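If you're matching positions, the sequence shown starts at 1 in full-length UniProt numbering and goes up one per residue.
Accompanying notes for the structure given below.
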Amino acid sequence: RGMNYLHECKPDPVVHCDLMPKNILLDSSGQLKVAGFGLERVSKISADKFKLAETGASTRHLSIYTAPELYKHEIFDKSVDAYSFAVILYEMIEGVHPFHPKPDEEAIKLMCLEGKRPPFKKLKNYPSDLKELLEECWSEDPTIRPSFSEIIARLDKVVAQGSKQGWWKDTFKLPW
Numbered sequence: 001r002g003m004n005y006l007h008e009c010k011p012d013p014v015v016h017c018d019l020m021p022k023n024i025l026l027d028s029s030g031q032l033k034v035a036g037f038g039l040e041r042v043s044k045i046s047a048d049k050f051k052l053a054e055t056g057a058s059t060r061h062l063s064i065y066t067a068p069e070l071y072k073h074e075i076f077d078k079s080v081d082a083y084s085f086a087v088i089l090y091e092m093i094e095g096v097h098p099f100h101p102k103p104d105e106e107a108i109k110l111m112c113l114e115g116k117r118p119p120f121k122k123l124k125n126y127p128s129d130l131k132e133l134l135e136e137c138w139s140e141d142p143t144i145r146p147s148f149s150e151i152i153a154r155l156d157k158v159v160a161q162g163s164k165q166g167w168w169k170d171t172f173k174l175p176w
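See the structure below:
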């Protein structure tokens, strides 16, 4: 919900560009908070298109959560954050980085340059709607990635269905 809020800010949406677990904090009431946004220097190309601002030295830290278009220094939109979200959710379910035990640098190249995605090792445990959502969120084609308002609606359905079957609580050890 925090990412949806940032993306829907008017007149200027906030694109995080660096969403990763260390930038998702848990407050004392058990609410997740998004942190670390605004650290990337972003140039606005149009109302919904952006480019990372050029700096003298490339200090950008690429991570396993980096969308391919950021990795390739291409023009991007807010869907880069949906990509990052999918990688985070994959890690939460699988319990490992994508392509574990390969080093992150190799996994980044597989995902960003070769368009590969990690296998779902716990596939039989995934609700089909969740697997489909993950695949859309980390699509190599940014136009396929859903907005965070759509992600929220679809996750709410997955949680409701999973709660009936006990899947959600068995899979995640969450404080709520």
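Just so you know, even glycine gets a beta-carbon here, dropped at the ideal spot from N, CA and C.
Keep in mind that this is a model prediction, so the values were computed, not measured.
Hey, could you find the ends of the alpha helix (DSSP H) residue i is sitting in?
i      : result
Ser43  : Careful: Ser43 lies outside any alpha helix (DSSP H), inside the beta strand (DSSP E) at 42-44.
Lys131 : 128-137
Lys109 : 104-112
Leu70  : 68-71
Leu19  : Careful: Leu19 lies outside any alpha helix (DSSP H) and carries neither H nor E.
I need the straight-line Cα distance from residue i to residue j, nearest angstrom please.
i      : j      : result
Lys44  : Glu74  : 13 Å
Lys131 : Val158 : 10 Å
Tyr5   : Glu106 : 33 Å
Trp138 : Leu113 : 13 Å
Lys78  : Phe85  : 12 Å
Pro118 : Ser28  : 34 Å
Met3   : His16  : 8 Å
So residue i is in the beta strand (DSSP E); what residue range does that whole segment cover?
i      : result
Val87  : Not the beta strand (DSSP E): Val87 falls in the alpha helix (DSSP H), residues 79-94.
Leu62  : That residue, Leu62, is in no beta strand (DSSP E); it is neither H nor E in DSSP.
Ile24  : 24-26
Lys51  : 50-52
Lys121 : First-last for Lys121: undefined, no H or E at that position.
Lys33  : 32-34
So, does the CB of residue i fall closer than 9 Å to a CB anywhere in chain B?
i      : result
Ser139 : Here there is only one protein chain, and chain B is not present.
With residue i and residue j assumed to form a contact (beta carbons below 8 Å), what rounded beta-carbon distance in angstroms separates them?
i     : j     : result
Leu89 : Leu70 : Not confirmed; about 18 Å, so no contact.
Within 10 Å of its beta-carbon, does residue i have 16 or more other beta-carbons around it, so buried, or fewer, so exposed?
i      : result
Arg145 : buried
Asp18  : buried
Pro103 : exposed
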